[in-house]
Structure formats: structure tokens, C-alpha cells
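To start, the structure itself, in C-alpha cells.
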Amino acid sequence: MANDLVADPAVLDGFPGGPFTQAEVDAAVADVRSAAGWHIAPERAETITLDVTWGERWLRLPTLRLVSVEEIRRTDTAEIIDATVYEVSRALAQVRRRGFWPSGYEAVEVDMTHGYTETPPELLAVVAEAAHLGRKDQTIRQLSLGDYSESVSGGSAQDELTTSAVLARYSLTHTGLTHTGLA
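In our numbering, each residue's number is its place in the sequence shown (first place is 1) plus 917.
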């Protein structure tokens, strides 16, 4: 899929390490999306397939920005589940059913629209750092000539902590945290 999170590398020119090539930005966007567990932006319509445990009343959708749920289907029969038997929480990105959802691996398909309309500006720094780190992995870290030796450092731990904190706000999973549905 094309990089539609940061389509123009020029928007990252002002960040450390810029300017970046399209290939560097595309790789960085892929890394950021992989770390977050979802596409983040732009808003898009998708069909997702969910595994459902027996006796489950809640579907937890893999997004942090749910816009709408258009349709839910059983995968074994392609039967559309009547929208009057479930409620959608956009804030929690969950769907609660009166009764139970069909259970099994890949038991339910959900047509949903989700994602931010535009890339959140604070994520640009995260993408730029990922692009810069991708480039730094191929650079010299220590230079030696005779008795002379110099180590090269890139960025500060503070920068990494800041961008990690920003990325954590857009990630589906957080280290040490468990997301559970309401009963």
C-alpha cells in the first residue's frame, strides 16, 4: 500500500536529519505503522476479520479513531447482523451486542471507517526520527586514525523518549498495559 501518512518527504525537511528521500520516508512510515498496530491516518474504509471467543459480547476494533461501523457479518454464512442488536462506542472502538457474537477464528467481518482525517502533526517528528535512525544505522559511529579516536553520537535520549511517548499515544498496545472491555 502506498504511503499516505506522509506522502511528501518535504514536510519533514525541518526535522533533524532532513531532507529525506521518498524511500526513507516510506520505510519510516511502515515502521511507525507497524509499531502502532494500525494505519493512523488518513481516514479510510476497511473490512477487518476478527477472532471471537465463546460467550463474547464485545468486539474490540483495531483502531484508536473509530468513525463509523457500516456493517457486521458472520463469515461462515455471510449473514449481515442486524444493527438493532448491537451498539457502537466510537470512543472505545468497541461494539457491544445484546446476546453473544458468533465465536471462532475469523468468525466476524466488520466494515468500518477509521483513522484521523490528516496526519497528526506531532507524528511528523516520530516519522522523521524513524527515517533518521534508518539512515544512521548505515553511518560511521567511530572514527580512528593512529592514536586519535572520536565517537559520533546521534540525537539524545530525551529525543527518543519524547518521540516514544508520542508514538505510545497512537499505539494499540502499550508495554505493561492491558486493554480490557467493559462487562
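We put the beta carbon where it would ideally sit given N, CA and C, even for glycine.
Just mark residue i as buried or exposed, buried being the case when its beta carbon has 16 or more other beta carbons within 10 Å.
i	result
T1036	buried
T970	exposed
A1000	exposed
A962	exposed
A940	exposed
E1004	exposed
E1023	exposed
P926	buried
A919	exposed
A1008	exposed
Where do the ends of the beta strand (DSSP E) carrying residue i lie?
i	result
D968	R961 to V969
L983	L983 to R991
T1030	G1021 to H1031
Y1003	Y1003 to S1006
R1014	Q1011 to R1014
Tell me which residues share the same chain as residue i and place their Cβ nearer than 6 Å to its Cβ, disregarding the 5 neighbours each side in the sequence.
i	result
H1031	T980, R982, L983 and V984
E1039	V1083
R1015	V1002
T1183	As displayed, the chain neither begins before 918 nor continues past 1100, which places residue 1183 out of reach and without an answer.
I957	Y1087
A1010	L978, T980 and L983
Here's a check: name, in chain order, each residue in its chain whose Cβ is nearer than 7 Å to the Cβ of residue i, leaving out the five neighbours to either side.
i	result
D921	P959
A952	L1084 and S1088
E988	I997 and D1028
E973	F1017, W1018 and S1020
T1090	G954
G934	A1045, A1048, H1049 and R1052
Which same chain residues, not among the five before or five after residue i, have their C-beta less than 8 Å away from its C-beta?
i	result
L1041	V923, V928, L929 and F932
S1073	In this prediction, S1073 has a pLDDT of 45, which is less than 50 and means its spatial position is unreliable; what the coordinates show is noted afterwards. Cβ neighbours of S1073 beyond the five flanking positions: none.
P936	P926, A927, L929 and D930
R950	L922, H956 and I957
E995	First, the amino acid is wrong: residue 995 is Ala here, not Glu. If we look at A995 and ignore the five residues flanking it on each side, it has no Cβ neighbours.
V1012	W975, L976, L978, V986, I989, Y1003, E1004, V1005, S1006 and V1027
Please report the residue range of the alpha helix (DSSP H) in which residue i lies.
i	result
D943	Q939 to A953
Which residue or residues does DSSP assign as beta-bridge partners of residue i?
i	result
R977	Q1011
I998	Answer is none; I998 lacks a bridge partner.
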